[in-house]
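Number of protein chains: 2
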Amino acid sequence: MTKNYRQGQILKLVRSKRINTQEELAQELRALGIEVTQVTLSRDLREMGIVKTADGYREILPDPTGPSLAQVMAEYLLDVRLAQHIVVLKTSTGSANSLAVALDQEDWPEIAGTVAGDDTVFVACWDNQRAKTVHERLLSYVNQ
Amino acid sequence: MTKNYRQGQILKLVRSKRINTQEELAQELRALGIEVTQVTLSRDLREMGIVKTADGYREILPDPTGPSLAQVMAEYLLDVRLAQHIVVLKTSTGSANSLAVALDQEDWPEIAGTVAGDDTVFVACWDNQRAKTVHERLLSYVNQ
DNA sequence: CGTCGGAATGTATAACTATTCAACCAATTG
DNA sequence: CAATTGGTTGAATAGTTATACATTCCGACG
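Chains as they are written, first to last, in numbering that gives the first Met the number 0: chain A, 0 to 143; chain B, 0 to 143.
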């Protein structure tokens with residue numbers, strides 16, 4: 000169980016249900032097989048920019064200045080696959096979101112949109128031709 | 000000194016300088032001639048939708064909870080794109096999930112399934128033709 | 001190997017925030 | 001004019017979160 004994975008699960012939980020306290024969050028994580036203390040959650044939440052609101056924990060707008068695409072890619076991108084007009088990115092577990100955000104910010108014209116799971120990002124391109132272009136460009140980021 | 004006035008001053012303070020605790024805020028207000036306890040501030044802040052972040056107290060966007068598709072769409076849908084048999088919906092950050100849920104509930108026959116990220120929903124249709132139909136129908140929801 | 005340095009985590013507890021309960025006050029009603 | 005109701009507030013304190021300090025793990029380097 001990595002920190003990334005844990006934080007990914009935290010994000011999912013916070014998005015999908017109302018969590019009012021860190022202890023409550025710890026319970027939910029325990030149900031997913033993640034043992035974690037309130038202390039660690041306090042640190043995770045701060046790190047992730049999730050704050051406590053009257054309606055439970057919520058994400059707030061992140062600092063618009065994220066790390067560069069190259070950095071994120073170098074750190075997390077494991078594989079790039081082409082499936083028709085969809086490019087599938089495999090990342091280290093829990094990092095798909097960071098990577099998708101970085102890619103979104105690049106605003107490539109070939110890309111219609113992205114959506115991130117846990118360790119996978121789907122990149123929808125307008126057509127097969129442009130997907131091929133994107134595929135090649137992203138491949139160059141993968142660890143040589 | 001009315002409650003409204005006090006909350007106005009709180010807003011100004013929170014916008015203009017970094018306030019880390021409610022006691023700190025009470026100090027600042029005292030400097031403006033407003034005597035107030037931590038208890039009252041706790042209530043004021045909740046009422047005003049101001050939350051504690053790692054960078055001090057901040058306003059956050061008032062939060063919604065989700066009625067009809069039309070309403071959800073009107074509120075969150077920013078863009079609709081067609082990429083072969085995938086329709087890509089761009090939403091305001093954090094709303095992709097609500098939107099996907101609303102769309103799922105509609106149970107359109109052209110739609111094979113949806114998957115939501117943070118600000119993007121992929122809508123997989125059975126083929127390009129049906130995707131085109133869905134694309135057009137969804138487009139009608141955008142920015143009227 | 002040893003050992004140094006940094007990241008991740010936990011325990012104990014300090015610091016901070018929210019709630020409970022009661023008081024007060026103004027407006028309203030019988 | 002009581003009595004009642006709804007809104008605002010504070011003292012005490014319950015509940016929640018953050019911090020100080022210690023420990024463990026792991027990779028780099030001599």
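Think of the CB as a built atom: it goes at the ideal place given N, C-alpha and C, for glycine as much as any other residue.
Residue i at chain B interface by Cβ criterion, 8 Å
i: A/Pro-63; result: At A/Pro-63 the pLDDT is 46, less than 50, meaning the model places this residue with poor confidence; the figure from the coordinates comes in the next sentence. A/Pro-63 does not count as touching chain B.
i: A/Gly-32; result: no
i: A/Ile-18; result: no
i: A/Ile-59; result: yes
i: A/Trp-125; result: yes
i: A/Gln-143; result: Only weak support exists for where A/Gln-143 lies, its pLDDT of 47 falling under 50; the coordinates are left without a value.
i: A/Lys-2; result: no
i: A/Arg-136; result: no
i: A/Val-86; result: no
i: A/Ala-101; result: no
i: A/Lys-51; result: yes
i: A/Arg-5; result: no
i: A/Arg-14; result: yes
Distance between beta carbons of residue j and residue i, contact taken as under 8 Å
i: B/Leu-76; j: B/Val-141; result: 6 Å
i: A/Gly-7; j: A/Thr-92; result: 7 Å
i: B/Thr-113; j: B/Asp-106; result: No, B/Thr-113 and B/Asp-106 are not in contact; Cβ-Cβ is about 11 Å, not under 8 Å.
i: B/Ala-69; j: B/Asn-96; result: Not confirmed; about 18 Å, so no contact.
Best match in the options for proximity to residue i [C-alpha to C-alpha]
i: B/Arg-45; options: A/His-84, A/Arg-42 and A/Gly-55; result: A/Gly-55
i: A/Val-133; options: A/Ile-110, A/Ile-18, A/Leu-12 and A/Gly-116; result: A/Ile-110
i: B/Thr-119; options: B/Arg-129, B/Glu-22, B/Leu-138 and B/Ala-99; result: B/Ala-99
i: B/Leu-137; options: B/Lys-11, B/Lys-16, B/Glu-27 and B/Val-71; result: B/Val-71
i: B/Lys-51; options: B/Asn-19, B/Ala-101 and B/Leu-88; result: B/Asn-19
i: B/Leu-40; options: B/Arg-5, B/Ala-69, B/Ala-30 and B/Ala-95; result: B/Arg-5
i: A/His-84; options: A/Ser-67, A/Ile-9 and A/Glu-135; result: A/Glu-135
i: A/Ala-130; options: B/Arg-42, B/Ala-82 and B/Leu-88; result: B/Ala-82
i: A/Gly-48; options: B/Gly-48, B/Ala-53 and B/Ile-49; result: B/Ala-53
Residue i, DSSP secondary structure in three states
i: A/Val-35; result: coil
i: B/Asp-117; result: coil
i: A/Asp-78; result: strand
i: B/Val-13; result: helix
i: B/Ala-53; result: coil
i: B/Val-141; result: coil
i: A/Glu-135; result: helix
i: B/Glu-22; result: helix
i: A/Glu-58; result: strand
i: B/Gly-7; result: helix
i: B/Pro-63; result: Note that B/Pro-63 has pLDDT 43, beneath the 50 cutoff, so the model's placement of it is unreliable and the number below is only indicative. Coil at B/Pro-63, not helix or strand.
Straight-line gap, residue i to residue j (C-alpha atoms, nearest Å)
i: B/Ile-59; j: B/Arg-14; result: 12 Å
i: A/Arg-80; j: B/Asp-117; result: 22 Å
i: A/Val-86; j: A/Asp-78; result: 10 Å
i: B/Glu-22; j: B/Gln-37; result: 6 Å
i: A/Leu-12; j: A/Ser-94; result: 16 Å
i: A/Asn-127; j: B/Ser-139; result: 27 Å
i: A/Arg-57; j: A/Met-0; result: 24 Å
i: B/Asp-43; j: B/Leu-88; result: 37 Å
i: B/Leu-10; j: A/Lys-16; result: 29 Å
i: B/Gln-26; j: B/Cys-124; result: 58 Å
i: A/Lys-2; j: A/Glu-34; result: 12 Å
i: A/Leu-28; j: A/Glu-74; result: 26 Å
i: A/Ser-67; j: B/Thr-90; result: 23 Å
i: A/Leu-24; j: A/Pro-108; result: 39 Å
i: A/Ala-101; j: B/Ala-30; result: 44 Å
Min CB distance residue i to chain A below 8 Å
i: B/Gln-83; result: yes
i: B/Gly-112; result: no
i: B/Arg-129; result: no
i: B/Asp-43; result: no
i: B/Arg-80; result: yes
i: B/Thr-119; result: yes
i: B/Lys-89; result: yes
i: B/Ala-115; result: yes
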